[in-house]
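Peer 1: In the numbering used here, the protein residues as written are 54 to 384.
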Amino acid sequence: MIAFVIRRLLQAVLVMLAVGFVGFSLFAYVGDPVSIMLGQDYTQEARQRLIQDLGLDQPFFVQYARFIAGAAQGEFGISYRLARPVSELLLERLPATLELSFCAAVLALAAGVPLGVYCGLHRDGWLARLLLSVSLIGVSLPTFLIGILLILFFSVILGWLPSFGRGDVVQLGGWSTGFLTPTGLRALILPSITLALFQLTLIMRLVRSEMLEVLRTDYIKFARARGLRNRAINFGHALKNTLVPVITITGLQLGGIIAFAIVTETVFQWPGMGFLFIQSVQAADVPVMAAYLMLIAFFFVLINLVVDLLYYLVDPRLRIDKGAAGGHGGH
Numbered sequence: 054m055i056a057f058v059i060r061r062l063l064q065a066v067l068v069m070l071a072v073g074f075v076g077f078s079l080f081a082y083v084g085d086p087v088s089i090m091l092g093q094d095y096t097q098e099a100r101q102r103l104i105q106d107l108g109l110d111q112p113f114f115v116q117y118a119r120f121i122a123g124a125a126q127g128e129f130g131i132s133y134r135l136a137r138p139v140s141e142l143l144l145e146r147l148p149a150t151l152e153l154s155f156c157a158a159v160l161a162l163a164a165g166v167p168l169g170v171y172c173g174l175h176r177d178g179w180l181a182r183l184l185l186s187v188s189l190i191g192v193s194l195p196t197f198l199i200g201i202l203l204i205l206f207f208s209v210i211l212g213w214l215p216s217f218g219r220g221d222v223v224q225l226g227g228w229s230t231g232f233l234t235p236t237g238l239r240a241l242i243l244p245s246i247t248l249a250l251f252q253l254t255l256i257m258r259l260v261r262s263e264m265l266e267v268l269r270t271d272y273i274k275f276a277r278a279r280g281l282r283n284r285a286i287n288f289g290h291a292l293k294n295t296l297v298p299v300i301t302i303t304g305l306q307l308g309g310i311i312a313f314a315i316v317t318e319t320v321f322q323w324p325g326m327g328f329l330f331i332q333s334v335q336a337a338d339v340p341v342m343a344a345y346l347m348l349i350a351f352f353f354v355l356i357n358l359v360v361d362l363l364y365y366l367v368d369p370r371l372r373i374d375k376g377a378a379g380g381h382g383g384h
């Protein structure tokens with residue numbers, strides 16, 4: 054177990070180093086941050102002094118090494134655009150992105166699982182067929198188009214919900230939350246639906262297919278032969294086994310929700326990390342872009358690591374296979 058954890062941690066470190074290298078390589082040649090920071094009127098002396106202050110006169114690998122060393126300590130340098138520490142900027146925006154992602158994940162699970170169960174149990178019903186047809190919209194339409202359509206209908210035509218911004222927020226320690234104010238809750242509705250729709254339809258279709266697969270297995274047939282009621286079979290046996298792969302996929306999709314929030318945040322002017330990234334691209338703010346990429350990669354690596362460890366703990370076949378492989382390799 055300890056060897057497995059150490060091996061996975063080393064793999065995670067290698068992945069983070071590779072992501073940092075790719076991100077820094079790509080972003081290091083985007084635009085000219087010095088010209089953007091100095092504006093139109095500047096002298097060559099001022100330009101040269103700023104280049105030295107930012108360390109841009111150093112070789113690429115020296116800059117990359119300094120970036121990685123700082124990132125390991127939670128420091129990502131100074132934002133070229135805002136002249137503030139990048140870690141401060143990310144921490145300010147982190148609550149908005151995590152609250153939006155949390156609402157979208159809860160919405161996707163709360164609606165996707167029951168709808169998937171219903172479609173699996175009533176596969177030939179008209180409502181199940183209608184839900185499956187409508188779910189194609191969520192899978193097919195791009196996220197930004199869904200957001201624009203929701204804004205058009207609920208904000209412009211009906212005037213029920215705000216079309217941009219986060220509403221009023223309350224400070225709880227170092228955390229700014231919109232959960233405790235009416236305007237903050239109303240501002241969450243449209244972005245959450247936009248971000249959740251793809252995951253919701255994905256979970257619904259996954260649960261439906263797993264339910265249909267499980268209902269055809271022998272132990273379900275045996276349970277029916279024993280005279281168990283449909284309610285006990287469907288929810289006591291079938292649903293429990295259906296949820297194992299669903300939980301796995303959903304866990305991996307959480308990283309996707311945080312990463313895909315960049316589109317939703319841009320459409321709704323949501324003051325999260327994704328919106329900060331888009332603003333940084335326009336100003337060639339390399340430290341912010343590289344830090345955002347590494348943070349998203351960190352979320353993916355962390356979630357994958359937790360899922361792998363849960364697999365290892367839950368599924369005894371993995372431990373047996375590892376033991377057998379180790380024994381075989383010793384001969």
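The C-beta atom is built at its ideal place from N, Cα and C for all residues, glycine as well.
Let me confirm a value: S193 is counted as buried when at least 16 other C-beta atoms fall within 10 Å, else exposed. Which label applies?
Peer 2: Exposed is the call here.
Peer 1: R134 CB to nearest chain D CB: under 7 Å?
Peer 2: Protein chain content of the structure displayed is limited to a single chain, and chain D is not contained in it.
Peer 1: Provide the residue span of the alpha helix (DSSP H) that contains L253, from first to last.
Peer 2: P235 to L268 is the extent of the alpha helix (DSSP H) around L253.
Peer 1: Can you check which of these residues, F353, M264, F114 and I204, is closest to H290 by C-alpha distance?
Peer 2: Nearest C-alpha to H290: M264.
Peer 1: To the nearest angstrom, report how far apart I199 and M257 are at their CA atoms.
Peer 2: Taking the straight line from one Cα to the other gives about 18 Å.
Peer 1: Identify whether L107 lies in helix, strand or coil by the three-state DSSP scheme.
Peer 2: The answer is helix: DSSP assigns L107 an H, G or I state.
Peer 1: Assign L211 to one of two classes, buried (16 or more other C-beta atoms within 10 Å of its C-beta) or exposed (fewer than that).
Peer 2: Counting Cβ neighbours within 10 Å, L211 comes out exposed, since fewer than 16 surround it.
Peer 1: Hey, would you say C156 sits closer than 7 Å to L241, going by beta carbons?
Peer 2: Their beta carbons are under 7 Å apart, which means C156 touches L241 by this criterion.
Peer 1: Tell me which residue opens and which closes the alpha helix (DSSP H) that T196 is part of.
Peer 2: Per DSSP, T196 belongs to the alpha helix (DSSP H) from T196 to L203.
Peer 1: Under 7 Å, do V115 and L103 count as touching if we go by C-beta distance?
Peer 2: Taking 7 Å as the Cβ cut-off, V115 and L103 do not qualify as a contacting pair.
Peer 1: Here's the rule: buried if 16 or more other CB atoms are within 10 angstroms of the residue's CB, otherwise exposed. What is N283?
Peer 2: By the 10 Å Cβ count, N283 comes out exposed.
Peer 1: S132 by DSSP, collapsed to three states: which one?
Peer 2: Correct three-state label for S132: coil.
Peer 1: Just to confirm my understanding: we take L358, look at its own chain, exclude 5 residues before and 5 after, and list those with CB closer than 8 Å. What are they?
Peer 2: Correct list, in chain order: R61, L62 and A65.
Peer 1: Just to check my reading of the structure: V299 and L259 have Cβ atoms closer than 8 Å, yes? What is that Cβ distance to the nearest angstrom?
Peer 2: Going by Cβ atoms, the distance from V299 to L259 rounds to 6 Å, so yes, they are a contact pair.
Peer 1: Excluding the five sequence neighbours on either side, which residues of its own chain have a C-beta within less than 7 Å of the C-beta of S245, listed in chain order?
Peer 2: Taken in chain order, the residues that qualify are L153, C156, A157 and L160.
Peer 1: Let me know the alpha helix (DSSP H) ranges lying completely inside the region 154 to 216, each 4 residues or longer, listed in chain order.
Peer 2: Taking only runs of at least 4 residues, the alpha helix (DSSP H) segments lying wholly in the region 154 to 216 are 179 to 193 and 196 to 203.
Peer 1: Whole angstroms are fine: how far does the CA of C172 sit from the CA of P112?
Peer 2: Approximately 59 Å, taken between the alpha carbons.
Peer 1: Going straight from the alpha carbon of A336 to that of L305, what length do you get?
Peer 2: If you take the alpha carbons of A336 and L305, they lie about 32 Å apart.
Peer 1: Within the chosen definition, does the region 131 to 144 reach the region 336 to 348 through at least 3 CB pairs nearer than 8 Å?
Peer 2: Output reads yes: the region 336 to 348 touches the region 131 to 144.
Peer 1: Which residues in the same chain as A314 place their Cβ atom closer than 7 Å to its Cβ, once the five residues preceding and following it in sequence are excluded?
Peer 2: So the qualifying residues of the chain are T150, L153, S154, L248, G325 and G327.
Peer 1: Compare the C-alpha of R219 against each of R277, V320, V341 and L109 and name the closest.
Peer 2: Measuring from the Cα of R219, the nearest candidate turns out to be V320.
Peer 1: In whole angstroms, give me the CA-to-CA distance for I204 and S216.
Peer 2: Taking the straight line joining both Cα atoms gives about 6 Å.
Peer 1: As a quick exercise: from R182, P148, R277 and V58, pick the residue whose alpha carbon is nearest that of S229.
Peer 2: Out of R182, P148, R277 and V58, P148 has the C-alpha closest to the C-alpha of S229.
Peer 1: Which residues in the same chain as D177 place their Cβ atom closer than 6 Å to its Cβ, once the five residues preceding and following it in sequence are excluded?
Peer 2: Cβ within range, chain order: n/a, list empty.
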